[in-house]
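Participant:
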Amino acid sequence: ISEVSKLFADAGVVTLTSFISPYRKDRDFCREIHKADGLEFCEIFVDTPLDVCEQRDPKGLYKKARAGEIKGFTGIDDPYEAPASPELVLDTSKLSVEDSVVKCLEWITGKGVELKNG
């Protein structure tokens, strides 16, 4: 994923990827390969407390993980390492989806990127 994102960035395409990425070392790797090629990288931390994640769980996966039916589930029996210094933090326990999108777009346009429809 990091390599593909880097290829898009190298071609001048703003690329957003959305993954749990629970380990800091994996996110740091992505940052480093972009930096090595002189490419911009922005880590957006979608900061949602575990209890809120569990309340929003439409598939009941957290309940299954707590019951031991799913092993290695991030936040339950596998850790999530919060970013040390993300460029943008979205507290989705307080922000709506729409407000979160606006904050992302403001960050992107604040970097001088012109957004086009279509």
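To convert, note that position 1 of the sequence shown is 360 in the numbering used here; the numbers rise steadily by one, no gaps. For each residue, glycine too, the CB sits at the ideal point set by N, CA and C.
#1: Tell me, which residues are paired with residue 461 by DSSP?
#2: Which of the three DSSP states is assigned to residue 405 in this structure?
#3: Alpha carbon to alpha carbon, what distance is there between residue 459 and residue 392?
#4: What does the alpha-carbon distance come out to for the pair residue 408 and residue 441?
#5: List, from N- to C-terminal side, the alpha helix (DSSP H) runs of 4 residues or more that fit wholly inside the stretch 365-434.
#6: Hey, how far is the Cα of residue 471 from the Cα of residue 399?
#7: Quick one: residues in its chain with C-beta nearer than 8 Å to the C-beta of residue 433, no 5 flanking neighbours on either side, listed in chain order?
Facilitator: The answer reads as follows:
#1: BP columns for residue 461 are empty, so no partner.
#2: strand
#3: 27 Å
#4: 11 Å
#5: 383-395, 409-414, 420-425
#6: 12 Å
#7: 379, 381, 439
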